[in-house]
Structures are given as structure tokens and as C-alpha cells.
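Heads up: the structure comes next, in C-alpha cells.
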DNA sequence: GGGTCCAATTTGTAAAGACAAATGCCGTGG
DNA sequence: CCACGGCATTTGTCTTTACAAATTGGACCC
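Chains as they are written, first to last, in the working numbering: chain C, 1 to 232; chain Y, 1 to 232.
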């Protein structure tokens with residue numbers, strides 16, 4: 001504590017003023033020169049504190065106009081934990097079960113999401129993640145074999161497709177979509193729940209440059225899928 | 001482009017090597033001195049590039065051990081848009097409807113989430129957000145009047161509780177929880193959907209220091225609630 | 001051979017100086 | 001009175017220099 005960096009002290013002080021309401025949206029924050037004088041540090045140190053606060057979205061900076069407190073919360077950042085971490089973090093035994101791994105031609109919806117017109121050349125991997133004796137997640141995945149030929153050599157019975165892809169395939173961007181739906185007969189069987197049970201569905205498409213790499217549809221049985229907001 | 005900062009050029013170059021797979025998890029990234037030489041810049045400039053990449057989670061840095069490519073994707077950041085932005089972004093008319101605004105004592109579940117033992121002294125605001133002629137979100141909110149006495153003066157028929165709180169009440173942390181559930185009779189009526197329809201539920205608790213400020217339960221009728229991953 | 005300690009390497013923070021870029025403000029001129 | 005333009009202010013980036021902190025690798029000793 002004796003050793004906290006100065007820029008961190010400045011950040012904390014300003015953050016406290018903002019979070020306590022001493023400074024509210026639109027208020028001017030002291031400039032770099034002023035902070036340097038107040039905290040008896042160089043302008044660079046004050047600059048770093050303000051820049052990082054701006055990166056975090058707490059303040060908005062404009063040349064000549066100065067720095068002011070940002071309008072808060074047009075949106076919120078949330079973290080999707082990895083399935084394994086989530087389950088083991090609850091103190092429940094984790095197990096991955098491979099249900100299918102075969103070449104197949106994706107349906108229209110998946111093809112569109114992957115934006116491939118080339119039919120075929122895809123690997124379809126289906127598995128379940130167990131939390132104790134309950135199905136926690138059902139995972140249907142399509143892997144573009146043109147982009148990821150190495151997937152043919154992978155053994156998805158020992159490693160989940162998700163984990164293998166994370167460790168072996170680079171990606172430049174990932175898109176997610178979260179929705180709720182009622183379980184139809186097939187989903188109910190797969191998740192071992194009653195038909196009509198509410199499910200949480202997460203769809204994930206990952207890209208490398210312009211090309212779609214994988215499409216994943218993950219289903220969670222109704223109950224809790226807890227997402228905690230990011231703290232920065 | 002002639003004017004891109006040097007540290008940004010370094011970042012982009014390294015990011016490209018990582019995202020393309022030229023550098024994979026565990027590989028060593030050139031050190032600060034090396035990068036400074038390669039890009040003909042000062043060590044501080046190289047340092048900033050590496051530090052920001054580390055902030056973004058792409059690399060891990062350790063003194064003496066150097067910098068290496070981080071294991072990717074234990075988690076993903078996702079953005080929850082504001083309701084109004086989301087609806088208007090779809091080109092649909094947005095409308096907020098206040099259903100109730102009264103003093104009340106929250107039930108056991110809410111009290112626990114708010115971690116208040118003091119019964120009473122809460123304001124309960126219920127409203128609906130419309131997207132065209134369909135209910136997009138039903139919002140049940142509890143406001144701790146001890147922490148936010150100013151809420152008594154607010155006119156929630158013209159401003160949604162969410163918006164008013166964002167603009168007028170500082171907060172130090174916010175927790176979220178997302179889940180799926182089937183609509184019971186009451187929820188079905190409130191959202192104007194069939195009973196049993198799958199709903200997406202977002203629960204939000206905001207704090208100021210140790211004290212809980214508000215509790216919000218937001219229900220979205222089944223269909224799509226689209227969350228896009230954050231791009232950094 | 002193994003354990004322990006030192007030192008070199010690498011990252012982290014900071015200062016002071018310098019210049020560039022953007023832009024609000026004010027003064028001048030029409 | 002309004003419009004335009006220059007100036008001063010504020011943020012943004014970069015360099016050089018300096019020292020602190022952490023940790024690994026090897027040297028050295030037992």
C-alpha cells in the first residue's frame with residue numbers, strides 16, 4: 001500500500017469523486033496540469049490516470065475542451081464464463097460427453113450464419129457438459145473444415161470442441177447472441193428436461209479475418225445461468 | 001493513416017501476428033528493447049503497446065520472464081444495450097409506459113438481493129417498454145429511499161426509472177444475472193404473450209459503496225434479445 | 001548432486017522536455 | 001450584429017533518462 005503507483009492514486013481519487021456523486025455527469029474534471037500540481041507529480045502521470053479512466057468509459061476527453069464525467073451506462077459489460085470454470089466454481093463435478101462427431105451439411109440457418117455457400121466440408125460436433133448428474137449445457141457445433149482442416153485430426157472425445165478450438169485455432173472476432181426459448185421434444189431429450197422448459201440459448205460465431213470459422217449453439221436448461229458484470 | 005500513433009502500429013502488428021496464428025498461445029513476444037529497435041521507437045512506446053495488449057488480455061507479462069501470448073477466451077465480454085437504443089436501432093417506435101409507482105415493502109427474495117433488513121422505505125416502480133405495438137420489456141424496480149430520497153420527487157411517467165437513476169444517482173458497482181424462465185399467468189398478462197412462453201430475465205442490483213441502491217427485474221418476451229460481443 | 005544465493009535481464013513507474021493536433025474563445029473586420 | 005480567423009489552452013504522442021521491483025538462471029558452495 002505504501003507502494004501504490006502514483007497514477008493509480010490519482011485514478012482512485014477521481015473515481016471516488018465520481019462514484020460518490022461529488023462529480024456528476026457533465027462536470028469538468030481537473031486538467032492534467034492541475035492534477036499534476038495537486039498530486040505533486042508530472043503531467044505524464046496525471047495524463048495516464050485520465051487516459052485510463054477514459055478507456056474505462058468514466059470520463060470523456062476532448063482537446064481544448066478538457067475532461068468531463070461521462071454519461072453513464074448506455075450499456076454494461078458482462079462476462080460469459082467458460083462452462084468448465086462455471087461448474088467447478090460451484091463445487092460440482094464436471095464431465096464432458098461427446099454425442100456425435102461427423103461430416104455433415106449444415107442447415108440453411110447455420111449456413112447463413114456462417115456465410116458460406118459451399119455446402120459440405122463441415123464437421124458437426126455435438127456434446128454435453130454435465131454438472132454432477134444434470135446436463136448443464138448442450139453444444140452443437142459446426143466447424144468449417146476449409147478454414148480449420150486440423151480439426152479432422154482432433155479427438156473430441158477427450159477434449160471439448162470449444163476447448164480444442166480455443167487452444168488451437170486463432171480468431172480475430174467473435175459474435176454472440178443470447179435468447180430464451182421453450183424446449184421442443186428434441187431439445188428436452190437432449191437436456192433431459194420436460195418439454196416446454198425454458199432454455200437459455202447462446203449462439204457464437206467466430207471469424208478469422210473475413211471467414212467464419214465455427215458456429216456454436218449452446219443450450220442451458222432453464223434455471224440459472226449467472227453472468228456477473230465486469231468490474232474494472 | 002500517415003498519422004497513426006507509433007504505439008498503435010506496434011499493437012496492430014503484434015495483434016495481427018497473434019490473430020493470424022503466427023504467434024500461438026505460450027509463444028514469446030519480442031521484449032520492449034527488441035520492439036523499440038524493430039520499430040525504431042523508444043522503449044516507452046513499445047512498453048505502452050505491450051501494456052495495452054496485456055490490458056486487453058491478449059498477452060501476459062512477467063518481469064524477467066518476458067511477454068507471452070495469453071491463453072485465450074476463458075471468458076468473453078458482452079454488451080447489454082440500453083432498451084431505448086436497442087429498439088430505436090431496429091427502426092421501431094419506442095414508448096415507455098408507467099404502470100405503477102408506489103411505496104411498498106419488497107418480498108423476501110428482493111429484500112435479500114438488496115440485503116436490507118429495514119422493511120418498507122422502498123419505492124416500487126413498474127413499467128413497460130414498447131417496441132411498436134409489442135411489449136419489449138417489463139421492468140419491476142425497487143428503489144431504496146433511504147439511499148435515494150430524491151426519487152420521491154421524480155416523475156416516472158415521463159422518464160423511465162432506469163434512465164432517471166442513470167442520470168441522477170451515482171453507483172459504484174452493478175451486478176447482473178441473466179436467466180430464462182417460462183411465463184406464468186401474471187407475466188403473460190404483463191407482457192401480452194401466451195402463458196408458458198419462454199422469457200429472458202435480467203436482474204440488476206446497483207450499489208453505492210456498501211449499500212444497495214436499486215433492484216431491477218427486467219423481462220423480455222421470448223424471442224430475440226441480441227447481445228453483441230465487445231470489440232476492442 | 002543438490003541446494004542456496006547473487007546478479008543480470010526484463011518489466012513497471014516516473015520525470016522533464018518537446019512538439020503536434022484540435023478546438024473553444026475572443027477580437028477584429030465587414 | 002454576425003462571420004471569420006488567429007491565438008491560447010488542453011489533450012495526445014514521443015524521446016531520453018533514471019531507478020525500482022521481480023524473477024529466472026547460473027554460479028558457487030556444501
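Each residue gets a CB set at the ideal place from its N, CA and C atoms; glycine is no exception.
When the Cα atoms are used, residue 153(C) and residue 27(C) turn out to be separated by approximately 59 Å. When DSSP assignments are scanned along the stretch 158 to 232 of chain C, the uninterrupted stretches of beta strand (DSSP E) that are 3 or more residues long and fall wholly within it turn out to be 173 to 182, 198 to 208, 211 to 221. A residue is called buried when at least 16 other Cβ atoms come within 10 angstroms of its Cβ; residue 5(Y) does not meet this threshold and is exposed. Beyond the five residues adjoining it in sequence on each side, residue 134(C) comes within less than 8 Å, by CB distance, of 192, 221 in the same chain, given in chain order. At a cut-off of 7 Å, the C-beta of residue 170(C) has a neighbouring C-beta in chain Y.
With respect to chain C, the C-beta atom of residue 226(Y) has a partner C-beta closer than 7 Å. Approximately 6 Å separates the beta-carbon atoms of residue 29(Y) and residue 59(Y); this is inside 8 Å, confirming the contact. Under the three-state reduction of DSSP output, residue 97(Y) falls in the strand class.
Going by beta carbons, residue 142(C) and residue 124(C) fall inside the 7 Å limit. Judged by beta-carbon spacing, residue 84(C) lies within the 7 Å limit of residue 94(C), meaning their Cβ atoms are closer than that value.
Ranked by Cα distance from residue 33(Y), the first of 98(Y), 44(Y), 177(Y), 159(Y) is 44(Y). In this structure, residue 144(Y) sits near residue 213(Y), with a CB-CB distance shorter than 7 Å. If you check each beta-carbon in the stretch 26 to 56 of chain C against every beta-carbon of chain Y, none falls closer than 7 Å.
Contact of residue 196(Y) with chain C by beta-carbon distance below 8 Å involves 182, 196.
At a Cβ-Cβ threshold of 7 Å, residue 19(Y) and residue 170(C) count as neighbours.
Closest in alpha carbon position to residue 176(C), among 183(Y), 126(Y), 227(Y), is 227(Y). For residue 147(Y), the three-state secondary structure derived from DSSP is coil. Close to chain C, meaning a Cβ-Cβ distance shorter than 7 Å, are the following residues of the stretch 67 to 87 of chain Y: 72, 73, 74, 75, 76, 77, 78, 79, 80, 81, 82, 85. For the pair residue 81(C) and residue 87(C), the Cα-to-Cα distance works out to about 10 Å. Shortest Cα-Cα distance from residue 65(Y) to any of 98(Y), 91(Y), 31(Y) involves 31(Y).
Leaving aside the five residues that flank residue 178(Y) on each side, the residues in its chain whose CB is nearer than 6 Å to its CB run, in chain order, 202. Cβ neighbours of residue 196(Y) within its own chain (closer than 7 Å, five residues either side excluded): 182, 183. Our two residues, residue 113(Y) and residue 205(Y), have alpha carbons roughly 7 Å apart in a direct line. Contact annotation: in the stretch 100 to 118 of chain Y, no residue has its CB less than 9 Å from a CB in chain C.
Under a criterion of Cβ atoms nearer than 7 Å, the residues of chain C adjacent to residue 174(Y) are, in order, 76, 229.
When only Cα atoms are considered, residue 100(Y) and residue 56(C) end up about 35 Å apart.
Taking 7 Å as the cut-off, the beta carbon of residue 76(C) is found closer than this to the beta carbon of residue 229(C).
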